[in-house]
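For the sequence shown, the residue numbers in the numbering used here are 3 to 209. Let me begin by presenting the structure, written as structure tokens, before commenting on it.
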Amino acid sequence: MDEIMNSTTPSQEVFQRVWQRVMGSAAMPGQASAPQPEPAAQPAPVSAPAPAPEAQSVMAPQRPGPHQPRPNPQPQPQPCCLRQQVLSSLEQWQMARLLARRAGSQTRQMTAIAAQLHQQAKQLSTAYFLQSGVRYWPVAQLTQPRMTTYVGGLRQLYQRCQALTQEFHTCRAKAPTQDLAQLYGQLEQAGTKRCAQMRALLEQTHL
3 MDEIMNSTTP SQEVFQRVWQ RVMGSAAMPG QASAPQPEPA AQPAPVSAPA
53 PAPEAQSVMA PQRPGPHQPR PNPQPQPQPC CLRQQVLSSL EQWQMARLLA
103 RRAGSQTRQM TAIAAQLHQQ AKQLSTAYFL QSGVRYWPVA QLTQPRMTTY
153 VGGLRQLYQR CQALTQEFHT CRAKAPTQDL AQLYGQLEQA GTKRCAQMRA
203 LLEQTHL
């Protein structure tokens with residue numbers, strides 16, 4: 003058996019050499035071509051990170067529009083001032099009535115002044131009612147004015163009338179309504195004339 007195998011081996015070697023000369027490196031018939039190694043798997047290309055989206059353009063700070071002047075707040079009604087002015091007018095009216103009883107030759111002038119002050123109190127009381135909805139006529143609160151002489155009482159009335167007239171002038175500029183401003187203007191004019199009358203009466207008492 004060994005002899006048969008040994009006899010076939012040289013023939014195969016001769017055949018292989020002849021075949022390689024003719025066919026080159028091609029595989030001999032009957033021999034399976036050696037399996038070609040599969041190509042090594044190439045790693046998947048790493049995708050570069052997508053660029054971050056460009057930040058939206060930063061909005062420019064809004065420029066302030068043209069300056070809008072703030073509306074001036076409207077002055078609010080001050081019924082408390084009207085209330086005090088009503089009381090002050092009635093107190094002056096009461097004082098003028100008492101002076102008229104001592105005025106002698108000046109009785110007529112002092113009676114007219116008392117009537118003017120009473121009318122002034124009524125006008126202010128009406129304005130107070132329009133502003134607050136409350137009627138205010140504090141005649142019952144009046145007290146007996148103190149005066150030693152007619153001249154001293156007339157001087158005191160003049161000073162109080164002058165102060166209230168100046169208050170009317172101030173309130174006119176701050177009045178919340180046109181009607182009230184007009185009333186204060188009228189009362190200021192009347193008060194100025196009344197002060198002038200009392201000043202003239204004081205001058206007459208020193209003649």
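Here a beta-carbon is modelled for each residue, glycine too, at the ideal position from N, C-alpha and C.
Within the same chain, show all residues whose beta-carbon is closer than 7 angstroms to that of residue 98, passing over the 5 residues directly before and after it, in chain order. Short of 7 angstroms from the beta carbon of residue 98, and not among the five residues preceding or following it, lie these beta carbons of its own chain, in chain order: 112, 115, 116, 119, 159.
Identify, in the order they occur along the chain, each residue of the same chain with its Cβ nearer than 7 angstroms to the Cβ of residue 177, setting aside the five sequence neighbours on each side. Only 183, 186 meet the Cβ criterion.
Evaluate contact between the segment 191-202 and the segment 163-179, counting only Cβ atoms and requiring at least three cross-stretch pairs below 8 angstroms. In this structure the segment 191-202 touches the segment 163-179; the number of beta carbon pairs closer than 8 angstroms is three or more.
Ends of the alpha helix (DSSP H) at residue 160? Annotation: the continuous alpha helix (DSSP H) that includes residue 160 extends over 152-176.
If you draw a straight line from the alpha carbon of residue 92 to that of residue 141, how long is it in whole angstroms? Distance between the alpha carbons of residue 92 and residue 141 is about 7 angstroms.
Going by other Cβ atoms of all chains shown within 10 Å of its Cβ, with 16 needed for buried, is residue 190 buried or exposed? Its Cβ being crowded by 16 or more others within 10 Å, residue 190 is buried.
Beta-carbon separation (whole angstroms), residue 95 vs residue 123, contact threshold 8 angstroms: 6 angstroms between Cβ atoms; contact.
Excluding the five sequence neighbours on either side, which residues of its own chain have a C-beta within less than 8 angstroms of the C-beta of residue 200, listed in chain order? Within its own chain, the residues whose Cβ lies closer than 8 angstroms to the Cβ of residue 200, once the five positions on either side in sequence are excluded, are 115, 156, 159, 160, 163, listed in chain order.
Below 6 angstroms CB to CB, which residues in the same chain sit around residue 173 once its five sequence neighbours on both sides are set aside? For residue 173, where only same-chain residues beyond five positions count, the Cβ hits under 6 angstroms are 186.
Helix, strand or coil: which one does DSSP assign to residue 185? DSSP, read as helix, strand or coil, puts residue 185 in helix.
The alpha helix (DSSP H) with residue 123 in it runs from where to where? First-last of the alpha helix (DSSP H) with residue 123: 109-134.
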